[in-house]
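Undergrad:
Numbering (the working numbering), first residue to last: 188 to 573.
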């Protein structure tokens with residue numbers, strides 16, 4: 188990369204930001220920790236020999252000389268007109284298993300650690316936090332400040348309501364919650380705020396996965412009024428935040444993953460939700476404070492283990508699969524109709540990080556275990572039938 192470091196592997200969640208007429212900025216997560224088998228895709232090279240290129244104050248957790256943390260983010264500048272990468276550089280270092288995240292209206296990327304490790308293992312600090320990375324086109328590294336009021340848990344994704352600046356969060360755990368963070372100052376997230384968990388009115392502790400139970404099932408496209416429960420001890424020593432929230436009445440989701448904000452609503456996925464554990468897509472309408480189950484195919488040939496999502500310029504959802512091979516990149520219309528966009532037979536690689544350029548011309552997506560970021564150019568007009 189332009190900073191002398193190596194391009195890390197396993198790209199995952201990402202988002203685009205406008206830069207100039209021809210170029211776009213992408214901030215990219217890399218879902219790696221410090222595993223020996225990942226050293227070939229460490230930004231610091233074999234044995235961490237390039238680590239001295241990074242100022243130590245810009246590294247959240249130094250780990251040890253034998254186990255450097257190699258998770259974090261990179262930033263890409265891509266030329267849409269010439270269809271080529273302009274430059275790439277490390278933009279966050281010393282974090283652990285950066286899975287998905289979300290973009291903010293104030294031009295930053297919220298990168299989420301999908302872990303709950305800490306000093307009890309090989310790490311120097313607690314992990315399981317969100318960090319904010321400014322969308323800069325020039326090489327710079329973010330200040331590695333954990334946003335502790337946004338909760339310590341196995342984070343997955345985030346999205347921001349541009350009208351309220353509330354930040355919504357998913358949790359990738361078998362019994363997880365949907366969270367809402369109300370910042371004291373959205374332009375200064377380290378200033379803290381309040382973390383809430385969603386509760387369905389009249390159904391405290393609702394299990395939303397639909398499992399194999401024949402009673403109290405959540406039907407499709409039926410809005411449910413919700414409330415939000417303020418949480419305490421959101422930076423816990425034990426990984427029990429969701430357990431405590433559910434005990435207070437919060438709804439229980441099965442592996443919350445990707446999410447994306449649209450027009451007064453956002454969608455989020457549950458990878459293991461549904462009667463057969465093949466995945467669900469939920470819709471939350473912010474103006475009405477209602478939650479509804481938007482899609483639950485229960486058919487692996489149609490949709491399986493739904494992960495990252497985005498909203499296309501033409502209004503459809505673009506869905507990344509992370510399941511048994513082959514994996515698909517699929518589209519979902521507002522009526523819930525599903526169509527295929529792409530198929531991957533590459534080893535076991537999931538699709539991840541789908542997002543469009545600000546002008547809607549290019550779809551960016553990662554093949555995680557192939558260590559590839561793809562730029563797919565339209566036209567998109569006939570995609571549903573092509």
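We treat Cβ as the ideally placed atom computed from N, Cα and C, and that holds for glycine.
When the Cβ atoms of the stretch 246 to 264 are set against those of the stretch 273 to 285, are three or more pairs found closer than 8 angstroms?
TA: Yes, the stretch 246 to 264 touches the stretch 273 to 285.
Undergrad: What is the DSSP secondary structure of residue 573, reduced to helix, strand or coil?
TA: Low confidence applies to residue 573: its pLDDT is 45, below 50, so where it sits in the model is not reliable, and the reading given next is rough at best. In this structure, residue 573 counts as coil in the three-state DSSP scheme.
Undergrad: Could you tell me the boundaries of the alpha helix (DSSP H) in which residue 433 lies?
TA: Start and end: 428 to 434.
Undergrad: Cβ atoms of residue 480 and residue 357: under 8 angstroms apart, would you say?
TA: In this structure, residue 480 does not lie closer than 8 angstroms to residue 357 by Cβ.
Undergrad: In terms of residue numbering, what span does the beta strand (DSSP E) encompassing residue 247 cover?
TA: Residue 247 -> no beta strand (DSSP E), and no H or E assigned at all.
Undergrad: Can you tell me the Cα-Cα spacing of residue 547 and residue 299, whole angstroms?
TA: Cα to Cα, residue 547 sits roughly 25 angstroms from residue 299.
Undergrad: Report yes if the C-beta distance between residue 463 and residue 495 is below 8 angstroms; otherwise report no.
TA: No, these two residues do not count as a Cβ contact at 8 angstroms.
Undergrad: According to DSSP, simplified to helix, strand and coil, what is residue 240?
TA: In this structure, residue 240 counts as helix in the three-state DSSP scheme.
Undergrad: Could you check what DSSP says for residue 226 in three-state terms: helix, strand or coil?
TA: A caution first: residue 226 carries a pLDDT of 49, below 50, which makes its placement in the model unreliable, though a value can still be read off. Helix, per DSSP.
Undergrad: Looking only at C-alpha atoms, which of 190, 310 and 286 sits nearest to residue 317?
TA: For the residues 190, 310 and 286, the minimum Cα distance to residue 317 belongs to 286.
Undergrad: Residues in the same chain with beta-carbon distance under 8 angstroms from residue 508, minus the five sequence neighbours each way, listed in chain order, please.
TA: For residue 508, where only same-chain residues beyond five positions count, the Cβ hits under 8 angstroms are 490, 491, 492, 493, 494, 514, 515, 516, 517, 537 and 538.
Undergrad: Beta-carbon within less than 7 angstroms of residue 470's beta-carbon, same chain only, minus the 5 sequence neighbours each way: which residues are those?
TA: Hits under 7 angstroms: 452, 454, 479 and 481.
Undergrad: Of all the beta strand (DSSP E) runs that stay within the bounds of the stretch 327 to 393, which reach a length of 3 or more residues?
TA: Here the runs fully enclosed are 342 to 347, 354 to 358, 366 to 370 and 380 to 387.
Undergrad: Please report how far the alpha carbon of residue 418 lies from the alpha carbon of residue 446, in whole angstroms.
TA: Going by the C-alpha atoms only, they are around 22 angstroms apart.
Undergrad: Flag this pair as yes or no: are the beta carbons of residue 266 and residue 199 separated by less than 8 angstroms?
TA: No, they are not a contact pair.
Undergrad: On the three-state DSSP scale, how would you describe residue 324?
TA: It is coil, neither helix nor strand.
Undergrad: Quickly, what does DSSP pair residue 497 with across the bridge? List them, please.
TA: DSSP, once it has assigned bridges, lists 505 as partnering residue 497.
Undergrad: Thinking C-beta only, is residue 249 closer than 8 angstroms to residue 191?
TA: Against a cut-off of 8 angstroms, the Cβ pair of residue 249 and residue 191 comes out as no contact.
Undergrad: Please report the straight-line C-alpha distance between residue 347 and residue 457, rounded to a whole angstrom.
TA: Approximately 19 angstroms, taken between the alpha carbons.
Undergrad: Does the stretch 321 to 339 come close enough to the stretch 366 to 381 that 3 or more CB-CB pairs lie under 8 angstroms?
TA: Cβ pair count under 8 angstroms is three or more, so yes.
Undergrad: Quick one: grab the DSSP three-state call for residue 557.
TA: It is helical.
Undergrad: Measure the beta-carbon distance from residue 477 to residue 412 and round it to whole angstroms, keeping in mind my assumption that it falls under 8 angstroms.
TA: With 8 angstroms as the limit, residue 477 and residue 412 qualify as a contact, their Cβ atoms being about 6 angstroms apart.
Undergrad: List the endpoints of the continuous beta strand (DSSP E) containing residue 216.
TA: Segment 210 to 217, the beta strand (DSSP E) holding residue 216.
Undergrad: Taking buried to mean at least 16 other C-beta atoms within 10 Å of its own C-beta, is residue 201 buried or exposed?
TA: Looking at its Cβ environment, which holds 16 or more other Cβ atoms inside 10 Å, residue 201 is buried.
Undergrad: Just reading off the beta strand (DSSP E) that residue 261 is part of, what are its end residues?
TA: Per DSSP, residue 261 belongs to the beta strand (DSSP E) from 258 to 266.
Undergrad: Looking at the unbroken beta strand (DSSP E) that takes in residue 275, where does it start and where does it end?
TA: Counting along the chain, the beta strand (DSSP E) containing residue 275 begins and ends at 271 to 282.
Undergrad: Report buried or exposed for residue 560, applying the criterion of at least 16 other Cβ atoms within 10 angstroms of its Cβ.
TA: Its Cβ being crowded by 16 or more others within 10 Å, residue 560 is buried.
Undergrad: Compare the Cα-Cα distances from residue 525 to each of 511, 487 and 556 and report the closest residue.
TA: It is 487.
Undergrad: Could you tell me which residues DSSP puts in a beta bridge with residue 188?
TA: Answer by DSSP bridge pairing: none, since residue 188 is not bridged.
Undergrad: Going straight from the alpha carbon of residue 302 to that of residue 284, what length do you get?
TA: One C-alpha to the other measures close to 6 angstroms.
Undergrad: In the DSSP output, which residue or residues are listed as bridge partners for residue 294?
TA: DSSP output for residue 294 lists no bridge partner at all.
Undergrad: For residue 366, is the classification buried or exposed, using 16 other Cβ atoms within 10 angstroms of its Cβ as the cut-off for buried?
TA: Buried, because 16 or more other Cβ atoms sit within 10 Å of the Cβ of residue 366.
Undergrad: Rounded to a whole number of angstroms, what is the C-alpha to C-alpha distance between residue 555 and residue 344?
TA: Their backbone Cα atoms lie some 16 angstroms apart in a straight line.
Undergrad: Within 10 angstroms of the Cβ of residue 211, are there 16 or more other Cβ atoms? Answer buried if so, exposed if not.
TA: Buried, since its Cβ has 16 or more Cβ neighbours within 10 Å.
Undergrad: Report buried or exposed for residue 409, applying the criterion of at least 16 other Cβ atoms within 10 angstroms of its Cβ.
TA: That one is exposed.
Undergrad: Ordered along the chain, which non-local residues of its own chain (more than five positions away) have a Cβ less than 6 angstroms from that of residue 391?
TA: These residues qualify, in order along the chain: 436.
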